[in-house]
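Enquirer: Mind having a look at this structure? Questions to follow.
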Amino acid sequence: MHDAAQINLWYTRCMIQLRNVSKTYPGGTVGVRDVHLAVKPGEFVSIVGMSGTGKSTLIRLIIAEEKPTRGQVIIGGWDITNIKQREIPLLRRQIGVIFQDFKLLPKKTVYENVSFALEVAGAPSHRIREVVPQVLAVVGLDNQMHRYPHQISGGEAQRVAIARALVHRPKILVADEPTGNLDTLNTADVIEILKKINEFGTTILLVTHNREVVNRLKRRVITIDNGTIVSDQKSGKYVL
Amino acid sequence: MTAFLRAIKFGLQNVWRNFGLSVTTISILVVMLMSVNLIFAISAMTGAAISSVKDQVDVSVFFTPDAPQSRIDEVQKVVGGFSSVKEAQLKSPEQVLAEFTTRHADSEAIQYSLKELGKNPLGATLIIRTYEPGQYRDIVKALNIPEYEGVIESRTFDDTTDIVSRIAIITDRAQMIAWVVTIIFAVIAFMIVASSIRVAIFTQREEISIQKLVGAGNWFIRAPFFVEVLLYCTLAMILAIVILYFGITVTDPYIRTLFGTYQFSLMGYFMTQGPLLFGAQFASLIVLCSLSGFMSMRRFLRV
Chain D
3 MHDAAQINLW
13 YTRCMIQLRN
23 VSKTYPGGTV
33 GVRDVHLAVK
43 PGEFVSIVGM
53 SGTGKSTLIR
63 LIIAEEKPTR
73 GQVIIGGWDI
83 TNIKQREIPL
93 LRRQIGVIFQ
103 DFKLLPKKTV
113 YENVSFALEV
123 AGAPSHRIRE
133 VVPQVLAVVG
143 LDNQMHRYPH
153 QISGGEAQRV
163 AIARALVHRP
173 KILVADEPTG
183 NLDTLNTADV
193 IEILKKINEF
203 GTTILLVTHN
213 REVVNRLKRR
223 VITIDNGTIV
233 SDQKSGKYVL
Chain U
91 MTAFLRAIKF
101 GLQNVWRNFG
111 LSVTTISILV
121 VMLMSVNLIF
131 AISAMTGAAI
141 SSVKDQVDVS
151 VFFTPDAPQS
161 RIDEVQKVVG
171 GFSSVKEAQL
181 KSPEQVLAEF
191 TTRHADSEAI
201 QYSLKELGKN
211 PLGATLIIRT
221 YEPGQYRDIV
231 KALNIPEYEG
241 VIESRTFDDT
251 TDIVSRIAII
261 TDRAQMIAWV
271 VTIIFAVIAF
281 MIVASSIRVA
291 IFTQREEISI
301 QKLVGAGNWF
311 IRAPFFVEVL
321 LYCTLAMILA
331 IVILYFGITV
341 TDPYIRTLFG
351 TYQFSLMGYF
361 MTQGPLLFGA
371 QFASLIVLCS
381 LSGFMSMRRF
391 LRV
């Protein structure tokens with residue numbers, strides 16, 4: 003198990019490192035091939051590419067949902083290449099993840115959806131009562147706490163997902179197509195929140211198809227094609 | 091402690107969300123427990139029946155009316171020397187006559203004959219009880235010697251070995267059938283519990299995937315399913331005991347009538363043996379269901 007001292011390794015130079023990483027699925031399908039990637043703490047990185055080019059594989063490798071066939075994955079100085087099953091929950095509490103389909107529990111309220119993340123991690127009730135309203139305030143949903151997912155808009159649902167990802171105060175927030183189901187206005191809202199979170203020091207990894215979002219951000223852009231990184235620009239644009 | 095209480099809460103939610111399946115699972119477990127208890131009831135009743143038959147068996151040695159007391163004492167001493175003899179009760183000629191008179195109080199002819207005789211025509215009687223029915227043969231054989239010919243008038247011996255062995259055969263068969271039924275129910279219960287857990291995992295796959303996503307530990311994800319299994323077992327055991335209690339309350343008077351003067355009560359049996367019997371059943375049930383639930387989780391809940 004990794005103790006507090008090891009967790010402090012988050013403060014090392016690179017927040018995310020992928021060294022010569024390849025992932026080949028059974029049947030020979032290549033997810034990613036020879037990927038070298040280093041993301042510094044506090045960076046806001048957009049990962050772009052066509053569908054099926056390996057963006058999601060990259061995310062799954064980072065959150066230890068999959069193990070690389072070759073190479074090394076290091077998160078905050080912690081080599082998770084061969085992470086033990088029992089250590090995965092600890093890693094996941096350090097990485098917030100949001101998805102295009104929000105992944106909210108329909109039978110739980112906004113408050114319960116967020117508190118759920120703390121409950122499963124064994125947080126005491128008083129801490130849940132303290133933290134949940136705070137993070138809901140950060141995403142501007144402190145007045146919608148008792149509504150159910152079907153009673154709020156898509157943009158608000160994504161903000162709930164962001165709040166849930168933030169309750170563990172993660173050092174990394176991975177956003178996999180977070181604006182894919184949103185209109186322009188809600189997209190702008192979500193991106194603004196991500197920028198705000200980034201300003202507090204959280205490293206953001208944004209996987210997106212949205213050209214406008216990427217171009218407006220003017221942050222680092224990594225382009226993936228056919229499982230390999232074909233472009234890595236410090237203040238880039240959507241080039242595909 | 092908080093995590094433990096939350097696991098219980100989620101486990102209760104699982105049971106409630108799949109209410110129909112939970113009821114089916116508990117019902118099967120109750121049926122299985124009832125069949126196990128039926129085995130114990132059959133075993134207790136047949137055991138009591140055999141004891142009752144054995145208790146009724148004795149050898150009566152009738153002495154001649156003029157047999158000297160010293161010879162009677164000698165026979166009693168010889169019989170008492172057998173390790174297989176449980177009890178050797180000597181009844182004096184007066185006692186024998188009194189019992190005979192009472193027994194035939196309605197028969198005027200017998201009463202008249204006794205009066206006409208003017209003296210006690212009956213000799214002393216030795217009533218012998220052994221631990222096992224088969225042991226009477228040795229005693230009868232030991233008394234069947236010329237030395238006692240003038241002293242012992244007759245011997246009666248009801249050979250109940252056959253009856254006892256028949257009861258034993260019937261008991262064995264009844265128990266075997268009950269065991270087969272129990273095993274069948276145990277297999278069904280095993281599959282039903284596995285299936286319930288599988289359905290619970292399936293219906294909560296979204297919640298489980300979110301639990302994993304937000305960093306729930308393996309223990310936390312699996313614990314509610316174990317709570318669910320534990321709840322099934324507890325409810326099934328309680329229901330089985332309640333049904334058994336009412337079942338015995340209704341049938342016990344009839345069973346007691348069957349045993350006549352022999353003291354046997356099924357309720358009494360379960361009252362004295364209950365803690366051990368139900369404790370063992372509950373422990374076995376938990377082992378069976380946990381194993382089933384664990385296998386299901388291992389297969390369908392890849393944490």
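Here the protein sequences line up with chains D and U, keeping their order.
Numbering-wise (our numbering), the first sequence opens with residue 3 and increments by one.
Numbering-wise (our numbering), the second sequence opens with residue 91 and increments by one.
For each residue, glycine too, the CB sits at the ideal point set by N, CA and C.
Predicted, not measured: the structure shown is a model, and the values here were computed from it.
Less than 8 Å between the CB atoms is what I'm expecting for M385(U) and F275(U), so what's the real figure, rounded?
Expert: At roughly 18 Å, the Cβ-Cβ gap does not stay under 8 Å, so M385(U) and F275(U) are not in contact.
Enquirer: May I ask which residues mark the beginning and end of the alpha helix (DSSP H) holding D228(U)?
Expert: Run containing D228(U): 226 to 233, per the alpha helix (DSSP H) assignment.
Enquirer: Which residues does DSSP list as the beta-bridge partners of R21(D)?
Expert: Q74(D).
Enquirer: Looking at R222(D) and S48(D), is the spacing between their C-beta atoms short of 9 Å?
Expert: Yes, the pair counts as a contact, with Cβ atoms nearer than the cut-off.
Enquirer: Which residues in the same chain as R219(U) place their Cβ atom closer than 7 Å to its Cβ, once the five residues preceding and following it in sequence are excluded?
Expert: Cβ within range, chain order: D148, K176, E177.
Enquirer: Between which two residues does the alpha helix (DSSP H) harbouring L180(U) extend?
Expert: No alpha helix (DSSP H) contains L180(U), which is instead part of the beta strand (DSSP E) from 175 to 181.
Enquirer: Three-state secondary structure (DSSP) at Q329(D)?
Expert: Nothing can be reported for residue 329(D), as the shown portion of chain D is limited to 3 through 242.
Enquirer: Within the 9 Å Cβ cut-off, does H170(D) reach chain U?
Expert: Yes, contact with chain U.
Enquirer: Using beta carbons (cut-off 9 Å, strictly below), is F118(D) in contact with chain U?
Expert: Closer than 9 Å: yes.
Enquirer: At the 9 Å Cβ level, is T92(U) part of the contact set with chain D, yes or no?
Expert: Answer yes: the Cβ-Cβ gap between T92(U) and chain D drops below 9 Å somewhere.
Enquirer: Report the residue from A199(U), Q225(U), S197(U), M266(U) whose alpha carbon sits nearest the alpha carbon of I129(U).
Expert: Cα-wise, what sits closest to I129(U) is M266(U).
Enquirer: May I ask you to report which of helix, strand or coil DSSP gives V143(U)?
Expert: It is helical.
Enquirer: Which residues, in chain order, does the segment 80 to 102 of chain D contribute to contact with chain U at a C-beta distance below 9 Å?
Expert: Here the close residues are Q87, R88, I90, P91, L92, L93, R94, R95, Q96, I97, G98, V99, F101.
Enquirer: Just the C-alpha distance for Y13(D) and Q87(D), rounded to the nearest angstrom, thanks.
Expert: Reliability of the predicted coordinates at Y13(D) is poor, the pLDDT of 43 falling under 50, and the value obtained from them is presented with this limitation in mind. For Y13(D) and Q87(D), the distance between alpha carbons rounds to 24 Å.
Enquirer: Applying the criterion that 16 or more other CB atoms from any shown protein chain within 10 Å of the CB defines a buried residue, is H170(D) buried or exposed?
Expert: With 16 or more Cβ atoms within 10 Å of its Cβ, H170(D) is classed as buried.
Enquirer: Taking only the alpha-carbon atoms, compute the straight-line gap between Y150(D) and L111(U) and give it to the nearest angstrom.
Expert: Those two C-alpha atoms are separated by around 27 Å.
Enquirer: Please confirm if N308(U) has its CB atom under 9 Å from at least one CB of chain D.
Expert: Chain D, which has a Cβ nearer than 9 Å to the Cβ of N308(U), makes this yes.
Enquirer: Does A159(D) have its Cβ less than 9 Å from a Cβ in chain U?
Expert: No - not a single Cβ of chain U is within 9 Å of the one on A159(D).
Enquirer: For L20(D), which residues in the same chain have their Cβ closer than 6 Å to its Cβ, ignoring the five residues on either side in sequence?
Expert: Hits under 6 Å: V37, L39, V75.
Enquirer: What in chain D is Cβ-close to G305(U), meaning under 9 Å?
Expert: By Cβ distance, chain D contributes I90, P91, L92, L93, R94, R95, Q96, I97, A119, V122, A123, H170.
Enquirer: Quick one: what's V37(D) bridged to in DSSP?
Expert: Paired residues: V23(D).
Enquirer: Q353(U) CB to nearest chain D CB: under 9 Å?
Expert: It does not; no Cβ of chain D falls within 9 Å.
Enquirer: Since A139(D) is in the alpha helix (DSSP H), which residue starts that stretch and which ends it?
Expert: Element bounds for A139(D): 127 to 140.
Enquirer: A290(U) and F94(U): beta carbons closer than 9 Å?
Expert: No. Outside cutoff.
Enquirer: Near K220(D), which residues of its chain fall below 7 Å by C-beta distance, leaving aside the five closest residues on each side in sequence?
Expert: Contacts found: S237.
Enquirer: Does V120(U) get closer than 9 Å to chain D when you measure Cβ to Cβ?
Expert: No, its Cβ sits nowhere closer than 9 Å to a Cβ of chain D.
Enquirer: What's the gap between the Cα of G124(D) and the Cα of T92(U)?
Expert: The straight-line gap from Cα to Cα measures roughly 7 Å.
Enquirer: Could you check whether the Cβ of L107(D) sits closer than 9 Å to any Cβ belonging to chain U?
Expert: Yes, L107(D) lies at the interface with chain U (some Cβ there is under 9 Å from its Cβ).
Enquirer: Consult DSSP for T31(D) and reduce its assignment to one of helix, strand or coil.
Expert: Coil.
Enquirer: Are the C-beta atoms of I300(U) and some chain D residue less than 9 Å apart?
Expert: True, the Cβ-Cβ gap to chain D drops below 9 Å.
Enquirer: Mind checking who S150(U) pairs with in its DSSP beta bridge?
Expert: DSSP output for S150(U) lists I217(U), T246(U) as bridge partner(s).
Enquirer: From which residue to which residue does the alpha helix (DSSP H) around R388(U) run?
Expert: That run of the alpha helix (DSSP H) goes 356 to 390.
Enquirer: How is the beta strand (DSSP E) around F46(D) delimited, first residue to last?
Expert: Here the beta strand (DSSP E) through F46(D) covers 46 to 50.
Enquirer: Compute the Euclidean distance between the alpha carbons of L325(U) and M361(U), then round it to the nearest angstrom.
Expert: Approximately 20 Å between the Cα atoms of the pair.
Enquirer: By DSSP, does V283(U) sit in helix, in strand, or in coil?
Expert: It is helical.
Enquirer: Could you work out which residues of chain U lie near R166(D), taking near to mean beta carbons separated by less than 8 Å?
Expert: Under the 8 Å cutoff, chain U gives V304.
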